[in-house]
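Mapping of the sequence shown onto the numbering used here: position 106 corresponds to residue 369, and the numbering continues sequentially without gaps.
Notes to accompany the following structure.
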Amino acid sequence: MHSPDHQPLTPTLTQPERRHYPRHTVQVQIELHQDGNDVPMRIDTTDLSRGGCYVQLMMTLPIGVYVNLTLWLDNNPVHIRGRVVTRHPQFGNGIMFLEFEGNAEKVLSQYLDAITV
């Protein structure tokens with residue numbers, strides 16, 4: 264006999280979490296330079312982590328494009344090399360951080376630690 268609320272024991276298929284760092288919903292001014300294009304895009308992040316960010320763009324960048332970023336954290340420029348890893352047409356791009364210039368990684372970590380409640 265089965266009770267009316269009996270649920271079958273089938274495994275639920277879930278996609279593994281690919282992010283290594285927690286995301287923070289925060290708007291940070293960012294200047295983005297696509298490789299081979301000297302014209303910077305000045306936009307804001309919609310979320311930010313130690314491993315990357317998401318930016319809203321109507322004209323999205325193709326996946327795999329390398330970019331140079333300047334994040335403005337508490338009025339301090341932080342320079343990072345990144346690569347576009349997700350693309351949502353007419354909405355935005357996810358960018359993975361690859362290389363941090365100077366103490367950029369430390370500054371970013373301190374900034375994110377300070378906004379974590």
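Every residue, glycine too, gets a C-beta built ideally from N, C-alpha and C.
With DSSP collapsed to three states, give me the class of residue i.
i: GLU362; result: strand
i: TYR374; result: helix
Which word fits residue i, buried or exposed, when buried means at least 16 other C-beta atoms lie within 10 angstroms of its C-beta?
i: GLY315; result: buried
i: LEU371; result: buried
i: ALA377; result: exposed
i: ILE293; result: buried
Can you give me the Cβ contacts of residue i inside the same chain, cut-off strictly under 7 Å, excluding the 5 residues immediately before and after it?
i: ASP268; result: Since pLDDT at ASP268 reaches only 49, below the 50 mark, its modelled position is unreliable, and the value read off the structure follows with that caveat. Counting only Cβ-Cβ distances below 7 Å, and skipping sequence neighbours, we find nothing.
i: ARG313; result: TYR284, LEU371, SER372 and LEU375
Closer than 6 Å by C-beta to residue i: which residues in its own chain qualify, once you throw out the five before and the five after it? Chain order, please.
i: THR349; result: GLY357
i: MET321; result: GLN353
i: THR333; result: GLU294, PRO340 and HIS342
State the beta-bridge partners of residue i as determined by DSSP.
i: TYR329; result: ARG346
i: PRO340; result: TRP335
i: GLY355; result: GLN319 and HIS351
i: HIS296; result: ASN331
i: HIS283; result: DSSP, once it has assigned bridges, lists no residue as partnering HIS283.
Could you name the residues of the same chain whose beta carbon sits closer than 8 Å to that of residue i, not counting the 5 residues immediately before and after it, in chain order?
i: LEU324; result: GLN297, VAL330, VAL347, ARG350 and ASN356
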